[in-house]
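Report on the following structure.
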Amino acid sequence: MNTILIRTVINELKIKAYWQNLIQNTKKFHAVPQIQHSNSLSCEKIHCCIPTYNSIIVRHYAKGKDKKKEKGKTKVVINEVQMAELLNVDSIKTQMNNSIEQMKDDFIKHLSIRSATGSIESLLVTVDGEEHTLQELAQISRKNPKTTIINMAIFPQAIPEAMKVIQKSGLNLNPQQDGTTIYIPIPKVTKEHRENLSKNAKQFFTKCKDNIREIQSKYTKSMKKKEGVSEDLLRNMEQQLKALADKYIMEGEQILQSKQKELTGE
Numbered sequence: 001m002n003t004i005l006i007r008t009v010i011n012e013l014k015i016k017a018y019w020q021n022l023i024q025n026t027k028k029f030h031a032v033p034q035i036q037h038s039n040s041l042s043c044e045k046i047h048c049c050i051p052t053y054n055s056i057i058v059r060h061y062a063k064g065k066d067k068k069k070e071k072g073k074t075k076v077v078i079n080e081v082q083m084a085e086l087l088n089v090d091s092i093k094t095q096m097n098n099s100i101e102q103m104k105d106d107f108i109k110h111l112s113i114r115s116a117t118g119s120i121e122s123l124l125v126t127v128d129g130e131e132h133t134l135q136e137l138a139q140i141s142r143k144n145p146k147t148t149i150i151n152m153a154i155f156p157q158a159i160p161e162a163m164k165v166i167q168k169s170g171l172n173l174n175p176q177q178d179g180t181t182i183y184i185p186i187p188k189v190t191k192e193h194r195e196n197l198s199k200n201a202k203q204f205f206t207k208c209k210d211n212i213r214e215i216q217s218k219y220t221k222s223m224k225k226k227e228g229v230s231e232d233l234l235r236n237m238e239q240q241l242k243a244l245a246d247k248y249i250m251e252g253e254q255i256l257q258s259k260q261k262e263l264t265g266e
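Using UniProt numbering, the letters of the sequence shown map in sequence onto residues 1 to 266.
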């Protein structure tokens, strides 16, 4: 019994001594003693006074809005060499470029503010099932700045069709026939006429845009029919094909904006 009591007292003294030592070391740590010489305080003593901390690495993730912004900035790089593995890139570019050129041609033929003689000359007239430009069927001249004369004496049978084509040309013309001669009064350029021409320009652009999207859709479908193509590659090719179509559509839109400024006088 005495032995147990002695052991208990000894343990209590050890615990008391431990806590006293710990309190003294803590006071030393908070005092932050200035070390003037390397021998004044050993590394072991310094180390024992510095408490250890568990470090936690916190990773900050982007918020939903930031992710959307980054996603919106993603730009697809067109790699024609890579596209050529599945597509005839030259053929695609030629077809899309032809749509742009057709729009330009429509602008020249149908969107002249002052109904220039050149615009009238290029109008297409169907004779015996074949299309001919008006200048191939008639002699076209300007009587004065306000009147254009079309002499149809060589092909008088084409007069009814020529009259119809001129009226539907979108040039705001009202042709008058006298025998084998067609007189075209050049209308005054009004604000309303300019706005109508601008709307017509938008229609030609929309037609061009639709043609380019049809080309994109056609080749997208052809890719999907090919065997042995991974989903990742197919998805990448679809994105590049769309980016190529967007490039031509953007070019067409820039041409449209320039033409509309010209037509409206802005």
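C-beta: ideal position from N, C-alpha, C; glycine also. Computed from a predicted model, the values in this text were never measured in an experiment.
- For the pair N172 and P187, the CB atoms are nearer than the 7 Å cut-off.
- For P156, same chain residues with a beta-carbon under 6 Å away, outside a window of 5 residues either side, are T180 in chain order.
- Taking C-alpha positions only, E195 is separated from E227 by approximately 51 Å.
- Taking the Cα of S119 as reference, the smallest distance to any Cα among S169, L86 and I149 is reached at S169.
- Between the stretch 214-225 and the stretch 120-139, the count of Cβ pairs shorter than 8 Å is below three; the stretches do not touch.
- For T94, the enclosing alpha helix (DSSP H) covers residues V89 to H110.
- Per DSSP, the continuous beta strand (DSSP E) segment holding K143 begins and ends at Q139 to N144.
- About 6 Å separates the beta carbon of Q240 from that of V76, a gap short enough to meet the 8 Å contact definition.
- Counting along the chain, no alpha helix (DSSP H) covers N151; the unbroken beta strand (DSSP E) around it starts and ends at T147 to N151.
- Residue pairing from DSSP places V125 in a beta bridge opposite H132.
- The Cβ atoms of I78 and L244 lie closer than 7 Å to each other.
- One thing to note: E121 has its Cβ no nearer than 7 Å to the Cβ of Q139.
- Around the Cβ of I154, a 10 Å sphere holds fewer than 16 other Cβ atoms; the residue is exposed.
- Here V165 is near L123, since their CB atoms are less than 7 Å apart.
- At least 7 Å separates the beta-carbon of G252 from that of M96.
- Residue pairing for T181: DSSP places it in a beta bridge opposite N151 and D178.
- In terms of Cα proximity to F205, the closest of Q260, H132, N144 and E238 is Q260.
- Judged by DSSP secondary structure, S169 falls outside any alpha helix (DSSP H); it is assigned neither H nor E.
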